[in-house]
Amino acid sequence: MAQDANTIVVTGTAIPVERVQIGNTLTVIEGETIEARHTAYLQDILREVPGVAVSQGGSFGSLTQVRIRGAEANHVLVLIDGIEVAPVGSGEFDFSTLLADNIERVEILRGPQSGLYGSNALAGVINVITRGGDGPAFDAAAEYGSYDSLFGRAGMTVGDRDTFVSAAAIYRKTDGFSSAAIGTEPDGDRNLTLYWRGGVKLADTARVEASLRFVDKATDTDGFDFTGGPQQGLAIDDDSYSDTRNWSGGVALTLEPIDRWENVLSAAYSGDESTGGFGTIDSFGSEGGRLTLSARSSFGIDTPSFAGAVHNVTIFAEHEEESFRNTFPSDPSQVARQERSLLGIGAEYRLDLFRNLFLRAAIRHDDNEAFGDATTYSVAGSWVLGSTRLHASYGTGVTNPTFFEQFGFVPGTFVGNPDLVPERAKGFDLGVEQRLFDDRVLIDLTYFNSTLENEIVDQFPSIGNDLGESTREGVELSARIDLGPVSIGGSYTHLDAEDADGSPEALRPKNQASFDVNGTFGPAKRGHFSASLIYNGERLDNDFRNYFTNGFVAEKTALDAYTLVRIAAGYRISDKLELFGRLENALDADYEEVLSYGTAGRAIYAGLKFVLP
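See the structure below:
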């Protein structure tokens with residue numbers, strides 16, 4: 001993971017800046033790191049990021065939630081090439097849809113960020129940037145491994161960074177394993193993902209970029225027993241399934257009529273369709289879409305006589321149109337298609353002093369058509385004192401009610417609540433980053449604290465806002481040592497996350513840690529290797545086994561801690577051909593991420609990659 005202070009990042013401010021200027025806590029995962037892991041899904045690399053918790057409910061392709069600093073999964077804004085990609089129905093991105101291939105960089109911003117990004121950035125932002133430019137190039141890869149898993153990829157780029165077209169097709173199919181821990185029938189997954197990106201330099205002062213992404217995914221799942229019988233509250237073997245199709249695309253025009261005055265006009269659309277069933281019977285289906293139109297203008301000036309100050313001011317506006325409908329089941333009481341709109345306006349001011357003090361403030365107001373308006377803000381600072389950097393931030397965040405929460409499913413089954421108000425959070429972090437031995441060692445220690453209000457909670461058969469406050473606080477520690485051909489890294493997170501009633505939140509491990517070693521070997525460094533260890537401490541999960549005998553209340557049951565070890569390696573047989581492989585869950589750990597749902601045992605995969613030129 002990147003540790004270069006001069007790395008240009010695009011998350012955390014309105015315009016790209018060097019990472020050292022970001023006062024918020026930010027982790028950057030470069031494409032080289034992702035390639036070295038040879039992992040199938042991005043979620044497995046996110047497990048190494050401090051403050052990030054991942055939980056997968058079953059076999060490959062099953063719902064995978066990512067939480068930041070103890071918040072809910074729908075409190076994390078997920079962007080792919082700058083486009084919000086969470087389905088509008090749930091407001092939560094399923095990371096099982098995101099294969100790790102074709103990713104150039106991932107930036108993970110932690111803490112409330114709605115002052116700049118609006119709704120769903122209540123706990124942080126995960127920004128995925130796909131490959132593009134640097135052609136001409138062609139690459140292809142194929143892999144086979146455990147669970148009868150097959151992977152293939154082909155990608156091509158024509159042009160350079162100024163004017164280019166890049167396209168990639170990725171396919172993964174696996175027989176998987178039983179999603180139900182007590183089951184024996186394997187649950188497979190198929191994922192086809194297509195990418196396209198292009199850019200054209202119209203003139204020295206104008207540029208157009210566009211992107212498209214399409215995912216077609218079919219997943220076998222298992223059901224959940226809620227009959228009150230002997231398997232009540234457990235995942236059970238059956239022929240359940242979930243089919244999803246997601247697409248997103250956008251176009252942006254950048255104009256810079258004079259130096260340091262940049263204007264960006266953009267339009268983006270993301271849509272989703274899903275169908276599924278419990279057993280072989282079609283049980284649910286939905287479709288939704290989000291159209292986003294935005295404009296941003298940034299202007300920078302210098303006042304060198306005043307502490308060498310550099311000023312940057314950005315104003316922005318964003319209009320969203322969202323629509324959603326349940327397509328199945330067909331029922332006379334079914335709520336028809338729903339639509340809602342949002343208009344957000346805001347501004348950001350950045351001030352750089354003495355070339356080592358970087359301050360930032362942002363404010364945003366969202367005018368919501370369907371529920372209460374929201375005004376959010378954030379401030380951050382980064383102070384570089386030689387090899388030491390102090391960083392701090394404070395911000396507020398909101399997450400809007402989802403369409404499911406507002407309008408229900410079938411009114412006679414799950415009743416929505418049109419009077420819901422957005423969830424709100426406020427939080428801060430304080431940290432110190434230390435570089436040692438000519439920047440070969442980087443250590444960062446950060447304390448964070450946040451409070452959530454108006455949490456939307458299930459009050460079956462309806463839903464409402466909780467009047468209490470949920471709290472989260474903890475410490476994040478990360479370190480990396482660069483030893484030339486070998487680099488060593490690690491992270492540790494301690495988290496205390498409590499519900500409004502003072503009880504621990506579900507699926508939030510109090511302690512998490514990771515350790516990784518990466519390096520090269522052989523003549524001309526033709527070989528590379530990567531080994532990582534992931535530790536997830538004990539955590540609670542909601543337990544429905546006694547739901548019908550204890551007053552219709554879910555208990556909380558502790559899940560044991562577990563440790564996963566992954567090993568990957570590759571060797572370039574020639575300048576154009578590479579042999580690679582990986583071993584997952586090398587110690588064959590037996591564990592649960594979600595109560596009563598299965599996990600993969602030891603697995604081995606191998607493949608070939610062809611690159612031209």
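Just so we're aligned: 606 in full-length UniProt numbering is position 606 of the sequence shown, and the numbers increase by one with no gaps anywhere. Beta carbons are placed, not taken as given, at the ideal position from N, Cα and C, and that holds for glycine.
How would you label Phe151, buried or exposed, when you count the other beta carbons within 10 angstroms and need 16 or more for buried?
-> As a first step, residue 151 must be located in the sequence shown, where it is residue number 151. Classification for Phe151: buried.
Residue closest to Val475, alpha-carbon to alpha-carbon, out of Gly397, Lys556, Ile68 | As a first step, residue 475 must be located in the sequence shown, where it is residue number 475. It is Ile68 whose Cα lies nearest to the Cα of Val475.
For Ala218, I'd like the list of residues in its chain whose CB is within less than 6 Å of its CB, leaving aside the five on either flank, ordered along the chain.
-> Counting from one through the sequence shown, the residue named residue 218 turns up at place 218. Answer for Ala218: Arg190, Asp243, listed in chain order.
Enumerate, from N- to C-terminal direction, the unbroken beta strand (DSSP E) stretches of 3 or more residues contained entirely within the segment 566-593.
-> 577-584
Helix, strand or coil at Leu265 according to DSSP, with G and I counted as helix = Within the sequence shown, residue 265 is the residue found at index 265, counting from 1. Three-state result, Leu265: strand.
Just reading off the beta strand (DSSP E) that Tyr447 is part of, what are its end residues?
-> For this step, residue 447 is matched to residue 447 along the sequence shown. Start and end: 441-453.
For Glu72, count neighbouring C-beta atoms within 10 Å of its own C-beta (all shown protein chains included) and say buried if the count is 16 or more, exposed if not.
-> Locating residue 72 in the sequence shown gives position 72, counting from the first residue. Looking at its Cβ environment, which holds 16 or more other Cβ atoms inside 10 Å, Glu72 is buried.
Would you mind reading off the limits of the beta strand (DSSP E) that contains Phe151?
-> The sequence position of residue 151 within the sequence shown is 151, counting from 1. Run containing Phe151: 149-159, per the beta strand (DSSP E) assignment.
Burial state of Phe548, where buried means 16 or more other Cβ atoms lie within 10 Å | In the sequence shown, counting from the first residue as 1, residue 548 sits at position 548. With fewer than 16 Cβ atoms within 10 Å of its Cβ, Phe548 is classed as exposed.
Consult DSSP for Lys217 and reduce its assignment to one of helix, strand or coil.
-> Position 217 of the sequence shown, counted from the start, is the residue given in the question as residue 217. Here Lys217 sits in strand by DSSP.
Starting from residue 630, trace the beta strand (DSSP E) both ways and give me its first and last residue.
-> Since the first residue of the chain shown is 1 and the last is 613, residue 630 is not available in this structure.
Which value, in whole angstroms, describes the spacing of the CA atoms of Ile534 and Asp148?
-> On the sequence shown, residue 534 is found 534 positions in, with the first residue counted as 1. On the sequence shown, residue 148 is found 148 positions in, with the first residue counted as 1. Approximately 25 Å between the Cα atoms of the pair.
With respect to the alpha helix (DSSP H) encompassing Ser596, which residues constitute its N-terminal and C-terminal limits?
-> Here residue 596 refers to the residue found at position 596 of the sequence shown. Premise fails: Ser596 is in no alpha helix (DSSP H) and is neither H nor E.
Does Ile68 come within less than 8 Å of chain D when only Cβ atoms are used?
-> Here there is only one protein chain, and chain D is not present.
Spatially closest choice to Gly229 from Leu595, Ala606, Asn546, Leu564, by CA coordinates | Taking the first residue of the sequence shown as 1, we reach residue 229 at position 229. When only C-alpha atoms are compared, the closest one is Asn546.
Are the segment 178-198 and the segment 591-606 in contact at 8 Å, needing three or more beta carbon pairs?
-> yes
Three-state secondary structure (DSSP) of Tyr117 | Position 117 of the sequence shown, counted from the first residue, corresponds to residue 117. In the structure shown, Tyr117 sits in a helix (DSSP, three-state: H, G or I).
By how many angstroms is the C-alpha of Ser62 removed from the C-alpha of Val313?
-> To locate residue 313, count along the sequence shown from 1; it is residue 313. To locate residue 62, count along the sequence shown from 1; it is residue 62. Using only the alpha carbons, I get a separation of about 43 Å.
For Ala513, I'd like the list of residues in its chain whose CB is within less than 6 Å of its CB, leaving aside the five on either flank, ordered along the chain.
-> Along the sequence shown, one-based indexing puts residue 513 at 513. Same-chain partners within the cutoff: Tyr492, Tyr535.
Find out if the Cβ-Cβ distance for the pair Val188, Asp175 is shorter than 8 Å.
-> Taking the sequence shown and counting its residues from 1, the one referred to as residue 188 is at position 188. Taking the sequence shown and counting its residues from 1, the one referred to as residue 175 is at position 175. The sequence given here has Gly at residue 188, not Val. Taking 8 Å as the Cβ cut-off, Gly188 and Asp175 qualify as a contacting pair.
Going straight from the alpha carbon of Arg37 to that of Val565, what length do you get?
-> Here residue 37 is taken as the residue at index 37 of the sequence shown, counted from 1. Here residue 565 is taken as the residue at index 565 of the sequence shown, counted from 1. Approximately 12 Å between the Cα atoms of the pair.
Contact check, Arg424 vs Glu453, beta carbons under 8 Å | Taking the first residue of the sequence shown as position 1, residue 424 is located at position 424. Taking the first residue of the sequence shown as position 1, residue 453 is located at position 453. Taking 8 Å as the Cβ cut-off, Arg424 and Glu453 qualify as a contacting pair.
From what residue to what residue does the beta strand (DSSP E) around Thr520 run?
-> Numbered from 1 along the sequence shown, position 520 holds the residue referred to as residue 520. Where Thr520 is concerned, the enclosing beta strand (DSSP E) stretches over 511-521.
Nearest-angstrom Cα separation, counted from Leu477 out to Lys556 = Within the sequence shown, residue 556 is the residue found at index 556, counting from 1. Within the sequence shown, residue 477 is the residue found at index 477, counting from 1. Looking at the two C-alpha atoms, the distance is approximately 29 Å.
Going by alpha carbons, who is nearest to Ser387 out of Gln43, Arg435, Glu256, Arg245?
-> Start at 1 with the first residue of the sequence shown, and residue 387 comes out as number 387. Checked all of Gln43, Arg435, Glu256, Arg245; the closest Cα to Ser387 is Arg435.
Check the C-beta distance from Leu430 over to Thr446 and give it rounded, since I have them as a contact under 8 Å.
-> Position 430 of the sequence shown, counted from the first residue, corresponds to residue 430. Position 446 of the sequence shown, counted from the first residue, corresponds to residue 446. Contact holds; Cβ gap of about 7 Å.
Arg19: first and last residue of the uninterrupted beta strand (DSSP E) it sits in = Within the sequence shown, the letter at position 19 stands for residue 19. Here Arg19 belongs to no beta strand (DSSP E), and DSSP marks it neither H nor E.
Reference Ser119; option with closest CA among Ala100, Ala86, Tyr144 = Indexing the sequence shown from 1 puts residue 119 at position 119. Comparing Cα-Cα distances from Ser119 to each of Ala100, Ala86, Tyr144, the minimum goes to Ala86.
Go through its chain and collect everything with a Cβ distance to Ile8's Cβ below 8 Å, but skip five positions before and after it.
-> Translated into positions along the sequence shown, residue 8 becomes position 8. Counting only Cβ-Cβ distances below 8 Å, and skipping sequence neighbours, we find Pro16, Val17, Glu18, Arg19.
Count the other CB atoms within 10 Å of the CB of Arg105; is the residue buried (16 or more) or exposed (fewer)?
-> Counting from 1 along the sequence shown, the entry for residue 105 is found at position 105. Label assigned to Arg105: buried.
Out of Glu322, Ser378, Ser382, state which residue places its alpha-carbon closest to the alpha-carbon of Asn400.
-> The count along the sequence shown starts at 1 and reaches residue 400 at position 400. Nearest C-alpha to Asn400: Glu322.
Which stretch, first to last residue, makes up the beta strand (DSSP E) that contains residue 614?
-> Outside the displayed span of the chain (1 to 613) sits residue 614, for which this structure offers no information.
Ends of the beta strand (DSSP E) at Arg340?
-> As a position in the sequence shown, residue 340 is number 340, starting the count at 1. Segment 338-353, the beta strand (DSSP E) holding Arg340.
Whole runs of the beta strand (DSSP E) within the segment 350-412, excluding any shorter than 3 residues | 357-368, 374-385, 388-399
Just to confirm, are Gly308 and Arg360 a CB contact at a threshold of 8 Å?
-> In the sequence shown, residue 308 corresponds to position 308, counting from 1. In the sequence shown, residue 360 corresponds to position 360, counting from 1. Against a cut-off of 8 Å, the Cβ pair of Arg360 and Gly308 comes out as no contact.
Could you pull out every residue in the same chain whose Cβ sits closer than 6 Å to the Cβ of Arg153, ignoring the five residues on either side in sequence?
-> Sequence index remark: in the sequence shown, residue 153 carries index 153 (1-based). Closer than 6 Å at the Cβ level, and outside the excluded window around Arg153, lie Asp101, Ala141, Ile170.
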